[in-house]
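Here's the structure we're looking at; comments come further down.
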Amino acid sequence: MVMKPSLQLRVGTQLTMTPQLQQAISLLQLSTLDLRQEIQQALESNPMLELEEAYGEQVVEPLQEEDWPEEIPQELSTDSEWSDTFQDFHSSGVAGEGPDMERSAQGTSLRDHLFWQLAMTDIDSRERRIAESLIDAVDPNGYLQSPLQEITEGLKAQGMSDLEPAEIETVLARLQQFEPTGVFARHLGECLLLQLNSLTQAPPFLAQAKRLARQFLTALAANDRKLLKRRLGLDDDALQQAIDLILGLDPRPGHVFDTINSDYVIPDLLARRVQGDWRIELNPDALPRLRIQPDYAALIRRADKSDDNTFMKHHLQEARWLIKSLSSRNATLLKVGQEIMVHQLDFLEQGDQAMKPLVLAEIAAKVEMHESTVSRVTTQKFIHTPQGVFELKHFFSSQLGGSDGESHSGTAIRARLYKLIEQEPARKPLSDSRLVDLLNADGVQVARRTVAKYREALGIPPSNERKRLSHLKK
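The sequence shown runs 192 to 665 under our numbering.
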């Protein structure tokens, strides 16, 4: 049988990833801070763009071209990246520029902060390698999570066969001088001692407080004041002053870095009540408003194919696409934000306890977009509400069943759990099993392991540790 080549005509539709569509997708997934830097870069490189505020609010379009580009599709369902095609696109800002306040406000992790201090420290390459391993072993609270013996063995396996434990101890002692004070401690007592040793002025009973932190934390946790007075040789008032010194220290020195990210957030959307109804609006101060520069645009001659005229036409087209892509981004962001808050209206009134379960697919179906588009819109986009400023992803949470047949949001359950623990008797904290019973009585069916997981996610210790802490505060 002989196969002969032939031509066939097939009719079909296909989404073409034009550079303009890729630009619209890329702008959609940028945070406000990154987008501001991208706009600034465009303003510096494209003479056809200018800030609208410079010439008032009226937008002038001196040149109306007949070949206006096709509309940007509302459905941005592809996962392609603009940078996959155009390598000169920098989503993180202009390379080489120093960090400004807003950019740096996105947050520095404890690990980055420690490595920055290490870079400023005068040590040799061998000590630096040891220091890097120690930094990698620090947990978010600032404690050294791995034993020194384990770190030593790991470095030996990486070629430092002659490493001695004394070398590790020497480098660790230098790192324990880093900020925040108390980092690189191997246990709570060492963390407290590092902070006490750093005090520039010696308060009364400092020596006794150091001994207390070094030897008697267990007795302190048990509130055994009789033993503490006898062993430290202090009366009631002096002992209380020594205890107050301990209670004034930070047992989790690295924890401060957990909250840095929220300090300089610029909300993209605003939720406010107008005449009894909730209104979701774009934040007018989030992004600068752009327009076509009318003087340069007026110089373009339609039939002229000179290099200068072609250059200006090219930049005019780019400017128009950027403005249109920004408009498409804002419209999509507003549409998704409004639909999310329609679903979470009770949250605006009551907070996290009234949060309803929500998944991306539900919003995607409502706004008739792909889930990947909704995911882009809700990542690093923030809304200002009466309850605070939240990332749009905050309003999506898992669904758990209830004895009343109603499903409950994981976020709402965490909020209820936090409130129950906050209101518990100080002398008799609620166990995880008791918390399960209280939630079940409230119509929320949840397993004990789920309660323990949510409690740990909230940074709340178990009931026995909470009881000890309550004794310390007496």
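Where is the CB? At the ideal position from N, CA and C, for every residue including glycine.
Using only alpha-carbon positions, find the residue among 551, 576, 316, 557 that is nearest to residue 565. For the purposes of this step, residue 565 is taken as residue 374 along the sequence shown, with counting starting at 1. Residue 565 has its Cα closest to that of 551, out of 551, 576, 316, 557.
Between which two residues does the alpha helix (DSSP H) holding residue 433 run? Locating residue 433 in the sequence shown gives position 242, where the first residue counts as 1. Run containing residue 433: 427-438, per the alpha helix (DSSP H) assignment.
Would residue 544 and residue 606 be called neighbours here (beta carbons separated by less than 7 Å)? The sequence position of residue 544 within the sequence shown is 353, counting from 1. The sequence position of residue 606 within the sequence shown is 415, counting from 1. Their beta carbons are under 7 Å apart, which means residue 544 touches residue 606 by this criterion.
Collapsed DSSP secondary structure at residue 483 in the structure displayed: Position 292 of the sequence shown holds residue 483. Strand, per DSSP.
Rounded to a whole number of angstroms, what is the C-alpha to C-alpha distance between residue 342 and residue 568? Walking along the sequence shown from the start, residue 342 turns up at place 151. Walking along the sequence shown from the start, residue 568 turns up at place 377. Looking at the two C-alpha atoms, the distance is approximately 42 Å.
Indicate the three-state DSSP secondary structure (helix, strand or coil) for residue 329 in the structure shown. For the purposes of this step, residue 329 is taken as the residue at position 138 of the sequence shown. In this structure, residue 329 counts as strand in the three-state DSSP scheme.
Would you kindly work out how many angstroms separate the C-alpha atoms of residue 440 and residue 219, rounded to a whole number? On the sequence shown, residue 440 is found 249 positions in, with the first residue counted as 1. On the sequence shown, residue 219 is found 28 positions in, with the first residue counted as 1. Distance between the alpha carbons of residue 440 and residue 219: 44 Å.
Please report the straight-line C-alpha distance between residue 505 and residue 337, rounded to a whole angstrom. Counting from 1 along the sequence shown, the entry for residue 505 is found at position 314. Counting from 1 along the sequence shown, the entry for residue 337 is found at position 146. Those two C-alpha atoms are separated by around 58 Å.
Residues bridged to residue 576 [DSSP beta-bridge criterion]: On the sequence shown, position 385 is the one that residue 576 refers to. Note: residue 576 sits in a beta bridge opposite 579.
Range of the contiguous alpha helix (DSSP H) that encloses residue 404: Numbered from its first residue, the sequence shown carries residue 404 at position 213. Looking at the DSSP string, the run of the alpha helix (DSSP H) that includes residue 404 is 397-406.
Output the boundary residues of the beta strand (DSSP E) element that contains residue 461. For the purposes of this step, residue 461 is taken as residue 270 along the sequence shown, with counting starting at 1. Note, residue 461: beta strand (DSSP E), 460-465.
Taking Cβ to Cβ, would you say residue 580 is nearer than 7 Å to residue 456? Position 389 of the sequence shown, counted from the first residue, corresponds to residue 580. Position 265 of the sequence shown, counted from the first residue, corresponds to residue 456. Yes.
I need the DSSP call for residue 468, collapsed to helix, strand or coil. For the purposes of this step, residue 468 is taken as residue 277 along the sequence shown, with counting starting at 1. Three-state result, residue 468: strand.
Helix, strand or coil at residue 364 according to DSSP, with G and I counted as helix: Position 173 of the sequence shown, counted from the first residue, corresponds to residue 364. Here residue 364 sits in helix by DSSP.
Cβ shell of residue 223 (< 6 Å), same chain only, five flanking positions each side left out: As a position in the sequence shown, residue 223 is number 32, starting the count at 1. Cβ within range, chain order: 457, 459, 477.
If residue 510 and residue 240 are in contact, beta carbons under 8 Å, what's the gap, nearest whole angstrom? Translated into positions along the sequence shown, residue 510 becomes position 319. Translated into positions along the sequence shown, residue 240 becomes position 49. That belief holds up - the Cβ atoms of residue 510 and residue 240 are roughly 5 Å apart, short of 8 Å.
For residue 549, collect the residues of the same chain with a Cβ closer than 8 Å to its Cβ; drop the 5 residues on either side in sequence, then sort them by chain order. As a first step, residue 549 is located in the sequence shown; it is residue number 358 there, counting from the start. Contacts found: 531, 534, 535, 586, 587, 588, 600.
Which of helix, strand or coil does DSSP assign to residue 670? Shown here, the chain extends from 192 to 665; a query on residue 670 therefore has no answer.
Tell me whether the beta-carbon of residue 146 lies closer than 7 Å to the beta-carbon of residue 339. A question about residue 146 goes unanswered here, because the residues of the chain that appear run from 192 up to 665.
Starting from residue 241, trace the beta strand (DSSP E) in both directions and tell me its first and last residue. What you label residue 241 is simply residue 50 of the sequence shown in a count that begins at 1. Taken as a continuous stretch (DSSP letters only), the beta strand (DSSP E) holding residue 241 covers 240-242.
Could you check what DSSP says for residue 588 in three-state terms: helix, strand or coil? What you label residue 588 is simply residue 397 of the sequence shown in a count that begins at 1. In this structure, residue 588 counts as strand in the three-state DSSP scheme.
Sub-7 Å separation of residue 361 and residue 462 beta-carbons: Position 170 of the sequence shown, counted from the first residue, corresponds to residue 361. Position 271 of the sequence shown, counted from the first residue, corresponds to residue 462. Their beta carbons are not under 7 Å apart, which means residue 361 does not touch residue 462 by this criterion.
Assuming residue 411 and residue 403 form a contact by the criterion Cβ under 8 Å, report the distance between their Cβ atoms to the nearest whole angstrom. Working through the sequence shown from its first residue, we reach residue 411 at position 220. Working through the sequence shown from its first residue, we reach residue 403 at position 212. 6 Å between Cβ atoms; contact.
Is residue 339 helix, strand or coil when you go by DSSP? Taking the sequence shown and counting its residues from 1, one reaches residue 339 at position 148. Of the three classes helix, strand and coil, the one that applies to residue 339 here is helix, per DSSP.
Residue 215 and residue 519: beta carbons closer than 7 Å? Along the sequence shown, read from residue 1 onward, the residue named residue 215 stands at position 24. Along the sequence shown, read from residue 1 onward, the residue named residue 519 stands at position 328. Yes, they are a contact pair.
Below 8 Å on the Cβ atoms is my contact criterion, and I expect residue 397 with residue 387 to pass it. Report the Cβ-Cβ distance as a whole number of Å. The residue you call residue 397 lines up with position 206 of the sequence shown. The residue you call residue 387 lines up with position 196 of the sequence shown. Indeed they touch by this definition, with Cβ atoms about 7 Å apart.
Selected residue, minimal CA-CA separation from residue 669, among 572, 485, 470: Within the shown structure, residues of the chain are numbered from 192 to 665, placing residue 669 beyond reach of any answer.
Proximity of residue 444 and residue 374 at Cβ, strictly below 7 Å: Your numbering for residue 444 matches position 253 in the sequence shown. Your numbering for residue 374 matches position 183 in the sequence shown. Result yes, Cβ atoms of residue 444 and residue 374 sit closer than 7 Å.
Can you name, in chain order, every residue of its own chain whose Cβ lies under 7 Å from the Cβ of residue 654, other than the five neighbours on each side? Locating residue 654 in the sequence shown gives position 463, counting from the first residue. If we look at residue 654 and ignore the five residues flanking it on each side, its Cβ neighbours are 620, 621, 622.
For residue 555, does the three-state DSSP call read helix, strand or coil? Counting from one through the sequence shown, the residue named residue 555 turns up at place 364. Three-state result, residue 555: helix.
Nearest to residue 475 by CA position, among 574, 430, 421, 365, is which residue? Residue 475 sits at position 284 when you count from the first residue of the sequence shown. Measuring from the Cα of residue 475, the nearest candidate turns out to be 574.
Residue 273 by DSSP, collapsed to three states: which one? The sequence position of residue 273 within the sequence shown is 82, counting from 1. Any reading at residue 273 must be qualified, since the residue scores a pLDDT of 36, below 50, and its modelled position is unreliable; the value itself is stated next. Helix at residue 273.
Which residue comes first and which comes last in the alpha helix (DSSP H) that contains residue 497? Within the sequence shown, residue 497 is the residue found at index 306, counting from 1. No alpha helix (DSSP H) holds residue 497; DSSP gives it neither H nor E.
Looking only at DSSP bridge pairs, what is residue 334 linked to? Looking up residue 334 in the sequence shown gives position 143. Beta-bridge pairing links residue 334 to 376.
Between the C-alpha atoms of residue 554 and residue 608, what's the straight-line distance to the nearest angstrom? Within the sequence shown, residue 554 is the residue found at index 363, counting from 1. Within the sequence shown, residue 608 is the residue found at index 417, counting from 1. Their Cα atoms are separated by approximately 27 Å.
Integer Cβ distance of residue 584 from residue 570, believed to fall under 8 Å: In the sequence shown, counting from the first residue as 1, residue 584 sits at position 393. In the sequence shown, counting from the first residue as 1, residue 570 sits at position 379. Sure, about 6 Å apart at Cβ, within 8 Å.
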